[in-house]
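Protein chains: 2
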Amino acid sequence: MIGDWTERFQGTAQLPRAVRDRLLKVARITHMAEGTQVFGPLNVPDSLFFLYEGRIRVVQRSDVGRDIVLYRVDAGESCVLTTACMLAEEAYNAEGIAETDITAIALPKAAFDRLVAEEDAFRAFVFAAYSRRLIDLLRVVDDVAFGQMDVRLAARLLALAGDFKEVSATHQHLASELGTAREVVSRILQDFQKRELIAQSRGRIALLDKPALRDIAAAD
Amino acid sequence: MIGDWTERFQGTAQLPRAVRDRLLKVARITHMAEGTQVFGPLNVPDSLFFLYEGRIRVVQRSDVGRDIVLYRVDAGESCVLTTACMLAEEAYNAEGIAETDITAIALPKAAFDRLVAEEDAFRAFVFAAYSRRLIDLLRVVDDVAFGQMDVRLAARLLALAGDFKEVSATHQHLASELGTAREVVSRILQDFQKRELIAQSRGRIALLDKPALRDIAAAD
DNA sequence: ACGCCTTCAGTGACATTGTCACCCAACATG
DNA sequence: CATGTTGGGTGACAATGTCACTGAAGGCGT
Numbered sequence: 001m002i003g004d005w006t007e008r009f010q011g012t013a014q015l016p017r018a019v020r021d022r023l024l025k026v027a028r029i030t031h032m033a034e035g036t037q038v039f040g041p042l043n044v045p046d047s048l049f050f051l052y053e054g055r056i057r058v059v060q061r062s063d064v065g066r067d068i069v070l071y072r073v074d075a076g077e078s079c080v081l082t083t084a085c086m087l088a089e090e091a092y093n094a095e096g097i098a099e100t101d102i103t104a105i106a107l108p109k110a111a112f113d114r115l116v117a118e119e120d121a122f123r124a125f126v127f128a129a130y131s132r133r134l135i136d137l138l139r140v141v142d143d144v145a146f147g148q149m150d151v152r153l154a155a156r157l158l159a160l161a162g163d164f165k166e167v168s169a170t171h172q173h174l175a176s177e178l179g180t181a182r183e184v185v186s187r188i189l190q191d192f193q194k195r196e197l198i199a200q201s202r203g204r205i206a207l208l209d210k211p212a213l214r215d216i217a218a219a220d
Numbered sequence: 001m002i003g004d005w006t007e008r009f010q011g012t013a014q015l016p017r018a019v020r021d022r023l024l025k026v027a028r029i030t031h032m033a034e035g036t037q038v039f040g041p042l043n044v045p046d047s048l049f050f051l052y053e054g055r056i057r058v059v060q061r062s063d064v065g066r067d068i069v070l071y072r073v074d075a076g077e078s079c080v081l082t083t084a085c086m087l088a089e090e091a092y093n094a095e096g097i098a099e100t101d102i103t104a105i106a107l108p109k110a111a112f113d114r115l116v117a118e119e120d121a122f123r124a125f126v127f128a129a130y131s132r133r134l135i136d137l138l139r140v141v142d143d144v145a146f147g148q149m150d151v152r153l154a155a156r157l158l159a160l161a162g163d164f165k166e167v168s169a170t171h172q173h174l175a176s177e178l179g180t181a182r183e184v185v186s187r188i189l190q191d192f193q194k195r196e197l198i199a200q201s202r203g204r205i206a207l208l209d210k211p212a213l214r215d216i217a218a219a220d
């Protein structure tokens, strides 16, 4: 189905051919449909995940019914939070959701351990992945604790739009991105609309004035 | 000065004698006075730190003049954020402050790498440390994004008090623990005082009714 | 003891954000 | 066209953050 996936990852592409062949043997390739929970408090995987194709959204759920997106795992990255899940006894309530249909490589813990022990390149890859996520979380804490909502929303709209000039998302979705309430998003979007920075229709938002939005987002 | 520090850490106590002797040779022992910045954006160490004695407070500083405590590193733990700092190119603004006089073991990166590669026990220790911090940060995000201030403050007072019934901290200190403003802390403490849960004097807070505070803190 | 200075805490007005209880509009479906 | 579901708008209020002050408490030098 897919060929030599070890090409795809920084941590594996540099490994000797023999090691990579071994990996191709022991790893299982799994597919999951969009919307599937990849991992969560009640769904702790026993393997390390490498995301071959697709995107995973890692979300923190609150018990008051609000969510916040912690970060996204893109194709070519590994999902280290799963390893943290494996080791953690403490309670937490983050979960990973397949944001698209995904193809992932599940590497059994034993093989993972061995690889980390034996291969410098792989070890560096894993530590870099951990570090990246730590830094991502620092950023989230900073945003949530000190950032203003309009700034955060402008930034998120731009990020979600990418090169396009429209975002397909309900106010509720955006609220769940930022860990706030729908009403708050509605209010701010109304304001943006009045200032002609965006145009709204049901479930979609057109970014009319990206430079201005960038200005707002930069006030961070 | 200090004897065999390898006794002190989960990750090192289980290592073979020979390895530990090697460690004792390559590691540098450093002392720092209370208040010293152990690491920070402009002060990136090139070694991994093991905290032998004392406590480090890891703080996120905002550019609007507020702070928030991310977690504390206690004696016997390692400070993995420093390794993240080493690897990170991205900007961040967390820093570690010696909360007491500290004694730390600085293990050069090369020795660290070798140890991770060769010793299962040590590797497990390091990964556990990373996971712990990730989980800690999840908790912080949850608190900041979804927690109510009175709940968080009650919890923090109890945590800072430990077994004692008094906390030595100004309102400003408490605000910096929680990432809020002094006025907010003052307001909530006033309320607690009116309800006779605490008594205040300049720079100190007596916890009069810990059970009630625990009730408030549990509403999380 | 006395005044002086610095730090800490209290206060009211206001802005921002979160919560609640609604309403109405847009779309899908039979 | 009738109806149900989902997305979005609104006003009132609560909680939190900001600002510009005030005064109180304690340290210190004389």
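Chains as they are written, first to last, in the working numbering: chain A, 1 to 220; chain B, 1 to 220.
We put the CB at the ideal spot given by N, CA and C, even for glycine.
Nothing here was measured: the structure is a model prediction, and the numbers come from that model.
Opposing strand residues paired with residue i [DSSP bridges]
i: Val38/B; result: BP columns for Val38/B are empty, so no partner.
i: Asp31/A; result: Per the sequence presented here, residue 31/A reads as His, with Asp not at that position. Answer is Thr103/A, bridged to His31/A.
i: Pro211/B; result: In the DSSP output, where bridge partners are listed per residue, Pro211/B has none listed.
i: Tyr130/A; result: BP columns for Tyr130/A are empty, so no partner.
i: Gln60/B; result: Ile68/B, Ala94/B
i: Ser168/B; result: Arg204/B
i: Ala221/A; result: Here chain A comprises residues numbered 1 to 220, so residue 221/A is not present and cannot be evaluated.
i: Pro108/B; result: Ser47/B
i: Ser186/A; result: Answer is none; Ser186/A lacks a bridge partner.
i: Ser78/B; result: Phe50/B
i: Val73/B; result: Ile56/B
Residue from the options whose Cα sits closest to the Cα of residue i
i: Asp163/B; options: Val58/B, Pro211/B, Leu153/B, Gly203/B; result: Pro211/B
i: Leu42/A; options: Ile216/A, Tyr92/A, Ala218/A, Leu197/A; result: Tyr92/A
i: Val141/B; options: Glu34/B, Thr103/B, Ile68/B; result: Ile68/B
i: Arg61/B; options: Ala175/B, Ala106/B, Val185/B, Arg17/B; result: Ala175/B
i: Leu44/B; options: Ala218/B, Gly65/B, Val80/B, Trp5/B; result: Going by the sequence as given, residue 44/B is Val instead of Leu. Considering only alpha carbons, the answer is Val80/B.
i: Ala98/B; options: Asp74/B, Ala106/B, Ala121/B, Asp120/B; result: Asp74/B
i: Val144/B; options: Lys165/B, Glu166/B, Ser131/B, Glu177/B; result: Glu177/B
i: Lys165/A; options: Glu183/A, Gln148/A, Ala199/A, Gly147/A; result: Ala199/A
i: Ala161/B; options: Asp191/B, Tyr130/B, Gln148/B, Leu207/B; result: Leu207/B
i: Asp150/B; options: Arg57/B, Ala217/B, Gln37/B; result: Ala217/B
i: Val19/B; options: Asp4/B, Met32/B, His31/B; result: Asp4/B
i: Thr180/A; options: Ala110/B, Glu119/B, Gly147/B, Gly179/B; result: Gly147/B
i: Lys109/B; options: Ala121/B, Gly96/B, Ala84/B, Arg133/B; result: Ala84/B
i: Gly221/A; options: Lys194/A, Phe192/A, Arg8/A; result: Here chain A comprises residues numbered 1 to 220, so residue 221/A is not present and cannot be evaluated.
i: Met32/A; options: Val184/A, Val167/A, Gly96/A; result: Gly96/A
i: Gly35/A; options: Leu23/A, Val167/A, Pro16/A, Val58/A; result: Val58/A
i: Arg152/A; options: Arg17/A, Leu213/A, Val64/A, Gln190/A; result: Leu213/A
i: Asp183/A; options: Arg133/A, Arg132/A, Arg66/A; result: The sequence given here has Glu at residue 183/A, not Asp. Residue Arg66/A is the option with its Cα nearest to Glu183/A.
i: Ala94/B; options: Asp120/B, Val167/B, Asp63/B; result: Asp63/B
i: Gln37/B; options: Ile56/B, Leu23/B, Tyr52/B; result: Ile56/B
i: Pro16/A; options: Lys194/A, Gln193/A, Glu119/A; result: Glu119/A
Integer Cβ distance of residue i from residue j, believed to fall under 8 Å
i: Phe50/B; j: Ser78/B; result: 5 Å
i: Asp221/A; j: Glu196/A; result: This structure gives no information on residue 221/A, because the portion of chain A shown stretches from 1 to 220.
i: Ile2/B; j: Thr103/B; result: 7 Å
i: Thr82/B; j: Leu107/B; result: With 8 Å as the limit, Thr82/B and Leu107/B do not qualify as a contact, their Cβ atoms being about 11 Å apart.
i: Tyr130/A; j: Tyr71/B; result: Actually they do not touch by this definition, with Cβ atoms about 16 Å apart.
i: Gly54/B; j: Asp21/B; result: At roughly 25 Å, the Cβ-Cβ gap does not stay under 8 Å, so Gly54/B and Asp21/B are not in contact.
i: Ser186/B; j: His173/B; result: Not confirmed; about 12 Å, so no contact.
Residues of the stretch 28-43 of chain A in Cβ contact with chain B at a cutoff of 9 Å, in chain order, please. none
Using 8 Å as the threshold, is the stretch 7-16 of chain A in touch with the stretch 125-140 of chain A, meaning 3 or more CB pairs across them? yes
Do the stretch 142-157 of chain A and the stretch 105-123 of chain B meet, that is, are 3 or more Cβ pairs less than 8 Å apart? no
At a cut of 8 Å, does the stretch 187-203 of chain A reach the stretch 131-141 of chain A through at least three beta carbon pairs? no
Three Cβ pairs or more, each shorter than 8 Å: is that satisfied between the stretch 25-34 of chain B and the stretch 80-88 of chain B? no
Which residues, in order along the stretch 128-160 of chain A, keep a beta-carbon less than 8 Å from a beta-carbon of chain B? Ala128, Tyr130, Ser131, Arg132, Arg133, Leu134, Ile135, Leu137, Leu138, Arg139, Val140, Val141, Asp142, Val144, Ala145, Phe146
Mind listing which residues of the stretch 80-97 of chain B have their C-beta closer than 9 Å to chain A's C-betas, in chain order? Val80, Leu81, Thr83, Ala84, Cys85, Met86, Leu87, Ala88, Glu90, Ala91, Tyr92, Asn93, Ala94
Give the residues from the stretch 169-189 of chain B that approach chain A closer than 8 Å (Cβ to any Cβ), ordered along the chain. Gly179
Report the residues of the stretch 50-62 of chain A with a CB closer than 8 Å to any CB of chain B, ordered along the chain. Gln60, Ser62
By the 8 Å beta-carbon criterion, what residues does the stretch 96-129 of chain B contribute toward chain A? Asp113, Val116, Ala117, Glu118, Asp120, Arg123, Phe127, Ala128
Chain-ordered residues of the stretch 13-29 of chain B with a beta carbon less than 8 Å from chain A: none
Counting only Cβ-Cβ distances shorter than 8 Å, please list the residues of the stretch 65-78 of chain A near chain B, keeping chain order. Arg66, Ile68, Leu70
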